[in-house]
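Participant: There's a structure below that I have some questions on.
Numbering (this note's numbering), first residue to last: 9 to 780.
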């Protein structure tokens, strides 16, 4: 892979190493072993350590002829859980499960990783009583980012005017391949990497062309992009090859960044993720940002949920991406109620790249290709559709050079990466590309910095294009690039790919929690990669564009840091409530936020679109103590051992439920489920005054269709700050679901409005589900 500087040229081929591992450790699989923290048997020696305790389980499990037990140990966990990760055979696994003190054993899981303008779009400004001014840009906060690492030379990690490293920080700057401790500074205060789980579990089938740095250095760009979005420094005149120019800033530009590299070329393994969370909790981060996840699973099997619970107990906010499996219902990931789960929205910024067809028709498209730098720009080219048997998707080797050489090629979305399709066309001699959405992608418009003149058109436009292709024997077209246009489109709207609720494992909690900008986000990028991320792309940039809930997550991570900076005594639940109850449900034109052609529902929108200026001063918050989450887990029917796996607390759910018969988790949103013919539901909530003393609020209710709602009391009066008041809501269904009917949904909202201060409106979305 070509590099810009000679001191950054050393790579290793990890697949060879993994193949070697697979030959020497056949039939071994990685497991995360969780232990009871109160059953450590300390021998007379005071030097007995937690590590030795963990090794003692392996020493009793692994036969001497099978090697040194310590060589099987990958990680020893202390903070996120009590336990370890190790490679075991089937028989060893069975023996270990039967040992006293073993709480749970889970196989290692592979998860996937799911700006110059977005801070302006969110209303962050330099003057007045605003979020940046009041928080001093998040000064003193530490955001821990678990991702693919960091490119420390990026200007987004310059520490000019940054405050000193906080004294409470106990992390390190771990050295490794092409990364030494001098790369850390007052902005990038820590960096670590975790590869043992990846090495032990990755398939040797990965292409040997994939290269990686065994260090905190980012070889893929994702971690550099997300961390700079959360807290990148100011970079004037940032752009992607001259497109999208503006001043780049993260959401909390005064905050410090700590990097935990847990993701590699083949994904992110839960053993590595848990090790990163384990260190981050001890290092002293204030916010954990994880733009990664998998499909919904029970919370007691979810390492992020388990590590996240220990983090919030320590006062650390945990922010996670909702996933990119939308618009399918029940696809939302990271469902734990103590995690803030973030979906993706659009900006009102466009990059027009118009297609002029030979018959005079105009098709609207978008692209970040620097259009004024190519000889084919403005030329009318013969138009050709990829074809069949894979050629319609422009698979590598599927295009005939004789057919496409010198022509503009139409490729359908799907099956391979968008930028890769352009590379295939270029290698086949094609002169330009029209990337056509299929019915699945509809109007989704994630742009790319293509390797040749190219544009992306919607499904509706692709139908018109293909109709034109079939209407003539000599179809032609040209692409006209329009640079960047701001403010001429409705925004925000829901990104089509953003994962949707209702929560599969925990439907009593409405997920996602909020949405944030996640489409066409420009942020920092490594200079070992071209802006497309393709190995064949020889261009070099400091910034590029990416889309996904991975990009939405760090926006909220940075905003959480701003709120925490202003309110250092607030719990993670209070910070989350402030972000949720002040979120916007209208776009910048004052109309409902849209999800395609219809107004967005709560399973896509959550509580709404983040509004940092309102979040720093919410008026009231729904606070949640860690013990309340435990009671909530009891209401879900979790067993004692399952709850212990998550919380490290031994509980008697029967006694808890007897004491809390009308319990409902004090969540900022409301999810009501009418099941088995039931028609009544009561929910109790508690609000804490963080706005003004001697204040009063009145309730405003928009009831979901088909439901009668009553709130008591209808007004709340607070005499002092941090005073709490309860209210109850009764939901009475006006309909019943017949046995043949599918589940149906309705939505509404409840708002507590301050009687004098118009900016205090504490809004909670309501979702109602009728199920058999």
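A virtual CB, placed ideally from N, CA and C, is assigned to each residue, including glycine.
Since we're looking at a predicted model, the values are computed, not measured.
#1: Is the Cβ-Cβ distance between residue 297 and residue 573 less than 8 angstroms?
#2: Would you decide whether residue 463 is buried or exposed? Buried here means 16 or more other CB atoms lie within 10 Å of its CB.
#3: With H, G and I counted as helix, E and B as strand and the rest as coil, what does DSSP make of residue 505?
#4: Measure the alpha-carbon distance for residue 499 versus residue 189 and round it to whole angstroms.
#5: Measure from the alpha carbon of residue 273 to the alpha carbon of each residue in 219, 666, 289, 264, then state which is nearest.
#6: In whole angstroms, what separates the C-alpha of residue 703 from that of residue 719?
#7: Run through DSSP, which three-state label would residue 259 get?
#8: Leaving aside the five residues before and after residue 228 along the sequence, list all residues of the same chain whose C-beta is less than 6 angstroms from its C-beta, in chain order.
#9: Can residue 109 and residue 62 be called in contact, C-beta distance under 8 angstroms?
#10: Please return the same chain residues whose Cβ sits closer than 6 angstroms to the Cβ of residue 239, not counting the five positions on each side in sequence.
#11: What do you reckon, are the CB atoms on residue 590 and residue 562 nearer than 8 angstroms?
#12: When burial is assigned at 16 or more other CB atoms within 10 Å of the CB, is residue 487 buried or exposed?
#13: Is residue 366 closer than 8 angstroms to residue 540 when the C-beta atoms are compared?
#14: State the start and end residues of the unbroken alpha helix (DSSP H) segment that holds residue 647.
#15: By alpha-carbon positions, which one of 171, 354, 522 ends up nearest to residue 596?
#16: In this structure, how does DSSP classify residue 172 when only helix, strand and coil are distinguished?
#17: Just checking my contact of residue 715 with residue 739 at CB under 8 angstroms: how many whole Å lie between their CB atoms?
#18: Checking 8 angstroms against the spacing of the C-beta atoms, do residue 679 and residue 506 come in under that value?
#19: Using alpha carbons as the reference points, say which of 446, 644, 339 lies closest to residue 665.
#20: Whole angstroms is fine: what's the gap from residue 196's alpha carbon to residue 166's?
#21: So, do the stretch 85-102 and the stretch 623-643 have three or more beta carbon pairs nearer to each other than 8 angstroms?
#22: Our contact map puts residue 179 next to residue 323 with C-beta atoms below 8 angstroms; I'd like the distance itself, whole angstroms only.
#23: For residue 137, name the three-state secondary structure that DSSP assigns.
#24: If we ignore side chains and look at the alpha-carbon of each, how far apart do residue 543 and residue 537 end up?
#25: Which class does residue 182 belong to by DSSP, given the choice of helix, strand or coil?
#26: Which runs of the beta strand (DSSP E), 3 residues or longer, sit entirely within the stretch 545-599?
#27: Can you give the beta carbon distance from residue 513 to residue 650, rounded, assuming they're within the 8 angstroms contact cut?
#28: Would you mind sorting residue 519 into buried or exposed? The rule is 16 or more other CB atoms within 10 Å of its CB.
#29: Can you check the stretch 623-672 for any alpha helix (DSSP H) of at least 4 residues that lies completely inside it and give the ranges in chain order?
#30: Can you tell me whether residue 286 is helix, strand or coil according to DSSP?
#31: Taking DSSP as the reference, what is the three-state secondary structure of residue 92?
#32: Starting from residue 393, follow its DSSP beta bridges and name the residues at the other end.
#33: Quick one: is residue 713 buried, meaning 16 or more other Cβ sit within 10 Å of its Cβ, or exposed?
#34: Compare the beta carbon distance of residue 584 and residue 521 with 8 angstroms and say whether it is the shorter of the two.
#35: Which residues bound the alpha helix (DSSP H) around residue 682?
#36: Please list the terminal residues of the continuous alpha helix (DSSP H) segment that includes residue 686.
Facilitator: This is what the structure gives:
#1: Not closer than 8 angstroms, so no.
#2: In this structure residue 463 is buried. Its beta-carbon is surrounded by 16 or more other beta-carbon atoms within 10 angstroms.
#3: Reduced to three states, the DSSP call for residue 505 is coil.
#4: For the pair residue 499 and residue 189, the Cα-to-Cα distance works out to about 42 angstroms.
#5: Residue 219 holds the alpha-carbon nearest to the alpha-carbon of residue 273 among 219, 666, 289, 264.
#6: The alpha-carbon atoms of residue 703 and residue 719 are separated by roughly 19 angstroms.
#7: Correct three-state label for residue 259: coil.
#8: Closer than 6 angstroms at Cβ, skipping near neighbours: 156.
#9: Contact flag unset, no.
#10: In chain order, 151, 258, 260, 263, 265, 566 place their CB closer than 6 angstroms to the CB of residue 239, counting only its own chain and leaving out the 5 sequence neighbours on each side.
#11: It is not a contact, given that the beta carbons lie outside the stated cut-off.
#12: Around the Cβ of residue 487, a 10 Å sphere holds 16 or more other Cβ atoms; the residue is buried.
#13: Residue 366 sits away from residue 540, with the two beta carbons spaced by 8 angstroms or more.
#14: No residue range can be given for residue 647, since it is assigned to no alpha helix (DSSP H) and is classified by DSSP as neither H nor E.
#15: If you compare the alpha carbons of 171, 354, 522 with that of residue 596, the shortest gap goes to 354.
#16: Coil.
#17: Indeed, because the Cβ distance is near 5 angstroms, the residues count as touching under 8 angstroms.
#18: Note that the C-beta distance between residue 679 and residue 506 is not below 8 angstroms.
#19: Among 446, 644, 339, the Cα nearest to that of residue 665 belongs to 644.
#20: If I take the Cα positions, the gap works out to 8 angstroms.
#21: With the cut-off at 8 angstroms, the stretch 85-102 and the stretch 623-643 do not touch.
#22: The beta-carbon separation of residue 179 and residue 323, rounded to 17 angstroms, does not stay under the 8 angstroms limit for a contact.
#23: Because residue 137 carries a pLDDT of 48, less than 50, the predicted location of this residue cannot be relied on, and the following value inherits that uncertainty. Coil.
#24: Taking the Cα positions, residue 543 is about 7 angstroms away from residue 537.
#25: In this structure, DSSP gives residue 182 a state outside helix and strand, which the three-state scheme calls coil.
#26: Under the rule that a run must span 3 or more residues, the beta strand (DSSP E) segments found entirely inside the stretch 545-599 read 551-554.
#27: In this structure residue 513 does not touch residue 650 by the C-beta definition: roughly 12 angstroms separates them, more than the 8 angstroms allowed.
#28: Buried, because 16 or more other Cβ atoms sit within 10 Å of the Cβ of residue 519.
#29: Along the stretch 623-672, the alpha helix (DSSP H) occurs as fully enclosed runs of 4 or more residues at 634-643, 648-655, 661-667, listed in sequence order.
#30: If DSSP states are grouped into helix, strand and coil, residue 286 belongs with the helices.
#31: Here residue 92 sits in strand by DSSP.
#32: DSSP lists 418 as partners of residue 393.
#33: Exposed.
#34: A contact, by the Cβ cut-off of 8 angstroms.
#35: Unbroken run through residue 682 is the beta strand (DSSP E), 678-683; no alpha helix (DSSP H).
#36: Boundaries cannot be given for residue 686, as no alpha helix (DSSP H) includes it and DSSP labels it neither H nor E.
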